[in-house]
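Take a look at the structure set out below.
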Amino acid sequence: MNNRFKDGSTFLESFATHFFVHCPKCQKMAIVAASPDETITRISCSNCGYVKDWSCTQADVRMFSNNAENYKKGVLGIGANTDWCFHFPLWLNVACCGEELWAYNLEHLSWLKSYIGASLRERQENQQTGWSTANLESRLPKWLKLSKNRNEILKGIEYLEKKISNNR
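Rendered as structure tokens:
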């Protein structure tokens, strides 16, 4: 278990480069990811070969961008237990503490593990934007932050890590 966690500039969108979802055809793990120019988003399943493309009809909208300016142009439903475009249920999803623990991908899960496992969580001021309540740790639900839930949440994260390794 880590003793300290320092963050203040990570946003949920930072992890939206790709999503692990349930394939609508075979229910195994599929990946939703954007094309390099971020104009087309594709779901692809290596198990059954299912492929489907999606593109936004709104001009100048880009998906999964690391450039925050692109998000000002419009984005689809974020912050839910589905991918942003097709709205398929996330593969990394488990019941935990009477709630739902979910992550977009391994990077997101790793961030959650670091945060939950820390006994000391320190916020830091973002050098570009200053103090913010829009960062990920400010937006986490209360049950994820409670120390009494730490062990159960870490077991949930371990289960999700095994779910990924069993799928490869």
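So the numbering used here is basically just the index in the sequence shown, starting at one, shifted up by 854.
Every residue gets a Cβ at the ideal spot worked out from N, C-alpha and C, and that includes glycine.
Where Tyr796 falls, given that 16 or more other Cβ within 10 Å makes a residue buried: Outside the modelled stretch of the chain, which goes from 855 to 1022, sits residue 796, for which no answer is possible.
CB contact check: Pro995 to chain C, cutoff 8 Å: No chain C appears in this structure, which consists of one protein chain only.
Phe869 in three-state terms, based on DSSP: Translated into the one-based positions of the sequence shown, residue 869 becomes position 15. If DSSP states are grouped into helix, strand and coil, Phe869 belongs with the helices.
Start and end residues, beta strand (DSSP E) containing Lys996: Translated into positions along the sequence shown, residue 996 becomes position 142. It is not in any beta strand (DSSP E) - Lys996 instead sits in the alpha helix (DSSP H) that spans Lys996 to Lys999.
Nearest neighbour of Lys906, chosen from Glu892, Asp891 and Ala887 [CA to CA]: For this step, residue 906 is matched to residue 52 along the sequence shown. Taking only the C-alpha atoms, the option nearest Lys906 is Ala887.
Trp956 - DSSP class collapsed to helix/strand/coil: Position 102 of the sequence shown, counted from the first residue, corresponds to residue 956. Trp956 falls in the strand class under three-state DSSP.
Endpoints, alpha helix (DSSP H) assigned at Asn1020: Stepping through the sequence shown from its first residue, residue 1020 is reached at position 166. Segment Arg1004 to Asn1021, the alpha helix (DSSP H) holding Asn1020.
For Trp956 and Asn947, believed in contact at Cβ under 8 Å, the rounded distance: By one-based count along the sequence shown, residue 947 stands at place 93. By one-based count along the sequence shown, residue 956 stands at place 102. Taking 8 Å as the upper bound for CB-CB distance, Asn947 and Trp956 are in contact here, some 4 Å apart.
Near the ligand ZN: Lys882 beta-carbon under 7 Å from a heavy atom: For the ligand ZN, the structure offers nothing, since it holds no ligand at all.
Exposed unless 16 or more other CB atoms sit within 10 angstroms - verdict on Lys967: Taking the first residue of the sequence shown as 1, we reach residue 967 at position 113. Around the beta carbon of Lys967, a 10 Å sphere encloses 16 or more other beta carbons of the protein chains shown; the residue is thus reported as buried.
Simplified DSSP state of Ser992, which is helix, strand or coil: As a working mapping, residue 992 is identified with position 138 in the sequence shown. Note: Ser992 maps to helix in three-state DSSP.
Test item: CB-CB of Ile897 and Phe942 under 8 Å: Your numbering for residue 897 matches position 43 in the sequence shown. Your numbering for residue 942 matches position 88 in the sequence shown. Yes, Cβ-Cβ distance for Ile897 and Phe942 is below 8 Å.
Asn947: first and last residue of the uninterrupted beta strand (DSSP E) it sits in: Numbered from its first residue, the sequence shown carries residue 947 at position 93. It spans Leu946 to Cys950 - the beta strand (DSSP E) in which Asn947 sits, taken as one unbroken run.
Counted within 10 angstroms of its Cβ, other Cβ atoms place Asn989 as buried (16 or more) or exposed: Within the sequence shown, the letter at position 135 stands for residue 989. Around the CB of Asn989, 16 or more other CB atoms lie within 10 Å, so the residue is classed as buried.
Same chain, Cβ closer than 7 Å to Cys951, neighbours up to 5 away in sequence not counted: If you number the sequence shown from 1, residue 951 lands on position 97. The residues are Trp997, Asn1003, Glu1006 and Ile1007.
For Phe874, the three-state DSSP class (helix, strand or coil): Residue mapping note: residue 874 aligns to position 20 of the sequence shown, counting from 1. Strand, per DSSP.
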